[in-house]
Amino acid sequence: MAYDEEQIGRLLRLLPPAPEGWVRAAQELPAARAALDELVALAERDAAFRLQLQADLERAVAAAGYEPSPYLVSRLRRLLEAV
Amino acid sequence: MAVEQSDAQLVARCRAGDPAAWNELVERFSRYVFAICSRGYRLAPHDAEDVFQEVFARAFERLSELRSDEAVRPWLAQLTRRLCVDRLRVLARDAPATAEPDEREVDDLLAALDDAMAVRAALDEVGDPCREILDRFFCRDESYRTIGEALGLPAGTIASRISRCLEKVRTVLHGRSRGPAPS
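First to last, the sequence lines map onto chains A and B.
Per my numbering, the very first residue in the first sequence carries number 1054; after that it's consecutive.
Per my numbering, the very first residue in the second sequence carries number 128; after that it's consecutive.
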């Protein structure tokens, strides 16, 4: 497709940057996923930790030394609900 | 000029566990997903942020289910659309006046976004300083003065630089549309 310069400018305007914090959080997903796996393993072998998660999920995650990011909290909550 | 990796190459690197590849994938598609949420479905910022994060979370978790690595963009578009519609339906339960946009309008926007992504890829190929100048002017809506101050350039030269940079992007796009020269 051939574009003139006005069209190029118009098309560029369609793609403003997403907020930096959103992009950073998405880029940190692999680390958050690794943390999720570790927390699930901990919950499987430690009944007290499981109870802490059920009582106050965000506090339990933080107490275990992990950042309770929205991704981590939502995925853990989903897993707990499924149990 | 920089050589851009194809979407398929980037996805293949993600699958292989290359830690830098995921960052690049998010970087490449963040504007695209953001535009669908905010421009296509007109979600409020906090709803758009939730959908944006959920799109990339699901993409990360389900990348292995993608049948064709080169189809990552339409796959992300479909995922984003579905999550935006889900969010609007939840919002409509609390506020029945919440309207879902006409899906044909979203189709039109997606077609335009595909063209816009091709232009961005050409811009990446042209590289800096053109990439930065055009991004600041068109995507970030910065004035000549702000761009000049940020890049240490006289504000009076920005308009002509924008014009020259647009011409470079146009040349790259023209070359692409003609395809590779026969061997």
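Where is the CB? At the ideal position from N, CA and C, for every residue including glycine.
For the stretch 144-192 of chain B, which segments carrying the beta strand (DSSP E) assignment without a break, of at least 3 residues, lie completely within its bounds, in sequence order? If we require 3 residues or more, the stretch 144-192 of chain B turns out to have no beta strand (DSSP E) run fully inside it.
Below 8 Å on the Cβ atoms is my guess for residue 1089 of chain A versus residue 1129 of chain A; work out the distance and round it to an integer in Å. The residue labelled residue 1089 of chain A in the question sits at position 36 within the first sequence. The residue labelled residue 1129 of chain A in the question sits at position 76 within the first sequence. Sure, about 7 Å apart at Cβ, within 8 Å.
Could you tell me whether the stretch 170-178 of chain B touches the stretch 210-219 of chain B, using the rule of 3 or more Cβ pairs below 8 Å? Three or more beta-carbon pairs drawn from the stretch 170-178 of chain B and the stretch 210-219 of chain B are found closer than 8 Å, and the two stretches are therefore classed as touching.
Please look up how many angstroms separate the CB atoms of residue 253 of chain B and residue 300 of chain B, rounded, as I've assumed it's under 8 Å. Counted from its first residue, the second sequence places residue 253 of chain B at position 126. Counted from its first residue, the second sequence places residue 300 of chain B at position 173. The Cβ separation is near 10 Å, so there is no contact.
What three-state label does DSSP hand residue 1055 of chain A in the structure shown? Locating residue 1055 of chain A in the first sequence gives position 2, where the first residue counts as 1. The answer is coil: DSSP assigns residue 1055 of chain A none of H, G, I, E or B.
For residue 168 of chain B and residue 215 of chain B, which I take to be in contact (beta-carbon distance under 8 Å), what is that distance rounded to the nearest angstrom? On the second sequence, position 41 is the one that residue 168 of chain B refers to. On the second sequence, position 88 is the one that residue 215 of chain B refers to. Residue 215 of chain B and residue 168 of chain B do touch by the CB rule: their CB atoms are close to 6 Å apart, below 8 Å.
Under a three-way DSSP split, which group does residue 1069 of chain A fall into? Walking along the first sequence from the start, residue 1069 of chain A turns up at place 16. Coil at residue 1069 of chain A, not helix or strand.
Please go through the stretch 214-296 of chain B and give each complete alpha helix (DSSP H) segment of 4 or more residues, from N-terminal end onward. Positions of the alpha helix (DSSP H) runs, each at least 4 residues long and wholly inside the stretch 214-296 of chain B, are given as 230-253, 257-261 and 271-278 in order along the chain.
Could you check what DSSP says for residue 1119 of chain A in three-state terms: helix, strand or coil? Locating residue 1119 of chain A in the first sequence gives position 66, counting from the first residue. Assignment of residue 1119 of chain A by DSSP, reduced to helix, strand and coil, places it in the coil class.
Across the stretch 1081-1098 of chain A and the stretch 1056-1070 of chain A, are there enough close Cβ pairs to call them in contact, namely three or more that are closer than 8 Å? Two segments are said to touch when three or more pairs of C-beta atoms, one from each, lie closer than 8 Å; by this definition the stretch 1081-1098 of chain A does not touch the stretch 1056-1070 of chain A.
Would you please state the rounded distance, in angstroms, between the beta carbons of residue 199 of chain B and residue 138 of chain B? I believe it to be under 8 Å. Working through the second sequence from its first residue, we reach residue 199 of chain B at position 72. Working through the second sequence from its first residue, we reach residue 138 of chain B at position 11. 5 Å between Cβ atoms; contact.
Taking Cβ-Cβ distances below 7 Å as the criterion, which residues of the stretch 1074-1093 of chain A are in contact with chain B? Answer in chain order: 1075, 1076, 1078, 1079, 1080, 1082, 1083 and 1086.
Interface residues of chain A around residue 240 of chain B at Cβ under 9 Å? Numbered from 1 along the second sequence, position 113 holds the residue referred to as residue 240 of chain B. Neighbours of residue 240 of chain B on chain A, chain order: 1064, 1067 and 1068.
Own chain residues within Cβ distance below 8 Å of residue 233 of chain B, not counting five before or after: Counting from one through the second sequence, the residue named residue 233 of chain B turns up at place 106. Closer than 8 Å at Cβ, skipping near neighbours: 163, 167, 168 and 208.
In chain order, what residues of the same chain have a beta carbon less than 7 Å from the beta carbon of residue 282 of chain B, not counting five sequence neighbours either side? Counted from its first residue, the second sequence places residue 282 of chain B at position 155. The answer, listed in chain order, is 271, 272 and 275.
For residue 1100 of chain A, return the contacting residues in chain B, with the cut-off set at a CB-CB distance below 7 Å. Counted from its first residue, the first sequence places residue 1100 of chain A at position 47. Those within 7 Å of residue 1100 of chain A in chain B number zero; the least Cβ separation is about 27 Å.
Element boundaries [alpha helix (DSSP H), containing residue 1081 of chain A]: As a working mapping, residue 1081 of chain A is identified with position 28 in the first sequence. Annotation for residue 1081 of chain A: no alpha helix (DSSP H) segment contains it, and DSSP assigns it neither H nor E.
Cβ of residue 1126 of chain A within 8 Å of Cβ of residue 154 of chain B? Residue numbering aside, residue 1126 of chain A sits at position 73 when the first sequence is read from its first letter. Residue numbering aside, residue 154 of chain B sits at position 27 when the second sequence is read from its first letter. No, these two residues do not count as a Cβ contact at 8 Å.
Excluding the five sequence neighbours on either side, which residues of its own chain have a C-beta within less than 7 Å of the C-beta of residue 148 of chain B, listed in chain order? For the purposes of this step, residue 148 of chain B is taken as the residue at position 21 of the second sequence. Hits under 7 Å: 137, 140 and 141.
Using a Cβ-Cβ cutoff of 8 Å, what residues of the stretch 278-299 of chain B are near chain A? List them in chain order. Result list: 290, 293, 294, 296 and 297.
CB residue 1102 of chain A to CB residue 1087 of chain A, shorter than 8 Å? In the first sequence, counting from the first residue as 1, residue 1102 of chain A sits at position 49. In the first sequence, counting from the first residue as 1, residue 1087 of chain A sits at position 34. Cβ atoms of residue 1102 of chain A and residue 1087 of chain A: not closer than 8 Å.
Is any beta-carbon of chain B found at less than 8 Å from that of residue 1058 of chain A? Locating residue 1058 of chain A in the first sequence gives position 5, where the first residue counts as 1. Cβ-Cβ to chain B under 8 Å: yes for residue 1058 of chain A.
Beta carbon of residue 258 of chain B, beta carbon of residue 1071 of chain A: below 8 Å? Counting from 1 along the second sequence, the entry for residue 258 of chain B is found at position 131. Counting from 1 along the first sequence, the entry for residue 1071 of chain A is found at position 18. Contact annotation: residue 258 of chain B and residue 1071 of chain A have beta-carbon atoms that are not nearer than 8 Å.
When the Cα atoms are used, what is the spatial distance from residue 1133 of chain A to residue 1082 of chain A? On the first sequence, residue 1133 of chain A is found 80 positions in, with the first residue counted as 1. On the first sequence, residue 1082 of chain A is found 29 positions in, with the first residue counted as 1. Residue 1082 of chain A has its alpha-carbon roughly 20 Å from the corresponding atom of residue 1133 of chain A.
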